[in-house]
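In terms of my numbering, the sequence shown opens at residue 21 and continues consecutively.
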Amino acid sequence: MTKIIDLVTDLVTPLAEKRGDELVDVEYVKEKNQYYLRIYVDRGESGIDIEEIAALSEIVSEELDKLNPDPFTEPYMLELSSPGLERPIKNERDWRKALNKYIHVACYQKIDGQKSFDGTLLSRDNEKITLKIKIKTRTKELEIPIGAIANARFAIEF
């Protein structure tokens, strides 16, 4: 499945960028008896609307149909969509966009007695991130080692 994800990523990235869009993520999964190829795209700060997604979906579908040999051994459903407001933070570009933004971080093991944190990303380097988190009525800066992060995503602050 990784081979298909890499192939689709390489195919869709230039198609999306040509339209001013950004490829956020590609998933190829089997749910029950059906395979799904899910492609998440976005467009800058303004986001992407349904008409833009539909137009890109047609282009991507046509290009996938041209692949020879066909890498898909089973029928699949193609789904293109926006990643939403709470999109995952997966690569260097996402981390740069997340700087000074409110995010959610889940860790593999407890840090200060917790496995997940919501806060403002103050900094990130190759070894750690620094979050400004709120604990009741006060704020605190928390350093989380990169290797301890299971996943991260943008979050909505309430």
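Each residue gets a CB set at the ideal place from its N, CA and C atoms; glycine is no exception.
Because the structure is a prediction, the values reported are computed rather than measured.
Span separating the alpha-carbon of residue i from that of residue j
i: Val49; j: Ile24; result: 11 Å
i: Lys160; j: Thr140; result: 11 Å
i: Ala170; j: Gln129; result: 9 Å
i: Asp228; j: Gly133; result: Given a span of 21 to 178 for the chain in the structure shown, any question on residue 228 remains unanswerable.
i: Ile109; j: Asp90; result: 31 Å
i: Glu177; j: Glu112; result: 23 Å
i: Leu43; j: Thr29; result: 8 Å
i: Asn53; j: Glu94; result: 10 Å
i: Ala36; j: Leu76; result: 7 Å
i: Asn88; j: Arg144; result: 41 Å
i: Glu163; j: Glu106; result: 22 Å
i: Asn146; j: Ile166; result: 7 Å
i: Tyr34; j: Thr157; result: Looking at the sequence provided, one finds Pro at residue 34 rather than Tyr. Answer to the nearest angstrom: the Cα atoms are 47 Å apart.
i: Leu27; j: Ile155; result: 44 Å
i: Lys121; j: Met21; result: 33 Å
Helix, strand or coil at residue i according to DSSP, with G and I counted as helix
i: Lys86; result: coil
i: Asp30; result: helix
i: Ala175; result: coil
i: Lys50; result: strand
i: Glu99; result: strand
i: Leu76; result: helix
i: Leu57; result: strand
i: Glu71; result: helix
i: Glu37; result: helix
Cβ pair residue i, residue j closer than 7 Å
i: Leu119; j: Glu83; result: no
i: Ile73; j: Leu100; result: yes
i: Asp41; j: Tyr60; result: no
i: Ile153; j: Phe137; result: yes
i: Ile68; j: Ser102; result: yes
i: Arg58; j: Glu47; result: yes
Residues that DSSP places opposite residue i in a beta bridge
i: Asp62; result: Glu42
i: Met21; result: Bridge partners of Met21: none, in fact.
i: Pro108; result: Arg173
Cβ of residue i within 7 Å of any chain D Cβ
i: Asp45; result: Considering every chain present, this structure includes no chain D. It has just one protein chain.
Subject >> Length at least 3, wholly inside the stretch 114-168: the beta strand (DSSP E) runs in chain order >> reply: List check, beta strand (DSSP E) in window: 122-131, 134-144, 148-155 and 158-165.
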